[in-house]
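Participant: Numbered as in our numbering, the sequence shown ends at 266 without a single skipped number.
No residue lacks a Cβ here, since even glycine has one placed at the ideal position from N, Cα and C.
None of these values were measured; they are calculated from a predicted model.
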Amino acid sequence: MIHLLMGAPGAGKGTQGDMLVERCGFVKLSTGDILRKHIADKTDIGKKIESVMASGSLVSDDLLIDMVRAELSRLHAEAPESEVLLDGFPRTVEQAVALEGLLKNLDCGLGTVIFLDVSDEDVIKRLCGRRVCRQCGKNYHVEYLPAAKDGICDDCGSELMHRDDDKEARIKNRLGVFRTQTSPVLDFYRENGHYVEMPASGSSEDVFSGVLDALEQSKSP
Ligand code: AMP
Numbered sequence: 046m047i048h049l050l051m052g053a054p055g056a057g058k059g060t061q062g063d064m065l066v067e068r069c070g071f072v073k074l075s076t077g078d079i080l081r082k083h084i085a086d087k088t089d090i091g092k093k094i095e096s097v098m099a100s101g102s103l104v105s106d107d108l109l110i111d112m113v114r115a116e117l118s119r120l121h122a123e124a125p126e127s128e129v130l131l132d133g134f135p136r137t138v139e140q141a142v143a144l145e146g147l148l149k150n151l152d153c154g155l156g157t158v159i160f161l162d163v164s165d166e167d168v169i170k171r172l173c174g175r176r177v178c179r180q181c182g183k184n185y186h187v188e189y190l191p192a193a194k195d196g197i198c199d200d201c202g203s204e205l206m207h208r209d210d211d212k213e214a215r216i217k218n219r220l221g222v223f224r225t226q227t228s229p230v231l232d233f234y235r236e237n238g239h240y241v242e243m244p245a246s247g248s249s250e251d252v253f254s255g256v257l258d259a260l261e262q263s264k265s266p
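(1) Quick one: is Q140 buried, meaning 16 or more other Cβ sit within 10 Å of its Cβ, or exposed?
(2) Is it buried or exposed for V163, if we count other Cβ within 10 angstroms and need 16 for buried?
(3) Can you grab the Cα-Cα spacing for the pair H83 / S203, in whole Å?
(4) Specify the secondary structure class of T137 as computed by DSSP and reduced to three states.
(5) K58 lies in the alpha helix (DSSP H); which residues open and close that run?
(6) When the Cα atoms are used, what is the spatial distance from V177 to C201?
(7) Can you find the residues in the same chain that come closer than 6 Å, C-beta to C-beta, to L161, ignoring five residues on each side of it along the sequence?
(8) Can you look up N218 in the DSSP assignment and give me helix, strand or coil?
(9) Please determine, among P229, S127, M206, the residue with the shortest C-alpha to C-alpha distance to L269.
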């Protein structure tokens with residue numbers, strides 16, 4: 046079963062996804078993490094997408110759809126029973142339509158679509174203070190979720206970074222991209238399947254209990 050975590054940048058998709066992985070055994074597939082790994086590894090794809098990502102715009106649909114097709118096929122072959130969370134995909138209606146086809150080919154159901162709703166003001170506060178581990182991708186916040194040792198990941202000891210696209214001007218671009226390109230995807234899911242919209246400006250623990258409820262409810266017909 047595949048579940049979707051949706052929301053503007055900074056809504057907490059990564060944090061909630063990590064909590065579901067750590068506490069409930071979900072498998073998370075974050076397209077942003079995969080793309081950042083390409084950049085860190087300086088692959089051909091990484092070199093092509095680096096400036097687009099730093100600007101806060103979206104990478105091409107074709108590339109994302111191919112990437113998600115490959116990752117979902119691999120996961121499905123390795124562990125067909127796993128509960129998979131997609132974090133950051135789909136972000137356009139074209140990607141949402143392609144995902145329908147991918148799921149059909151894998152004979153895999155779409156579970157809950159969770160939209161984490163936050164204000165622009167909260168997004169800016171969260172992202173300006175967010176720090177991310179260069180190695181394992183774990184998220185921190187200088188104020189709300191600081192690392193035990195400043196600038197160092199608690200889990201793997203690697204350096205924490207402030208992402209280029211988490212600087213204020215880029216955040217505003219990303220919010221604009223979300224509004225124009227990703228909001229229509231929410232309308233797509235509002236009319237299809239188990240769609241749950243929840244306020245996500247509270248603490249990560251409060252949001253997490255709402256996320257668990259939403260996943261639980263979707264199990265009932
Ligand atoms: P995220 O870590 O999910 O905030 O994604 C960071 C950046 O990666 C986005 O601003 C886009 O440039 C790119 N990206 C991630 N997922 C997608 C997607 N599904 N479609 C297009 N670009 C994406």
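Facilitator: Well, looking at it:
(1) buried
(2) buried
(3) 18 Å
(4) coil
(5) 58-69
(6) 12 Å
(7) G52, A56, G57, A245
(8) helix
(9) The structure shown does not extend to residue 269, since the chain spans only 46 to 266, so no value can be given for it.
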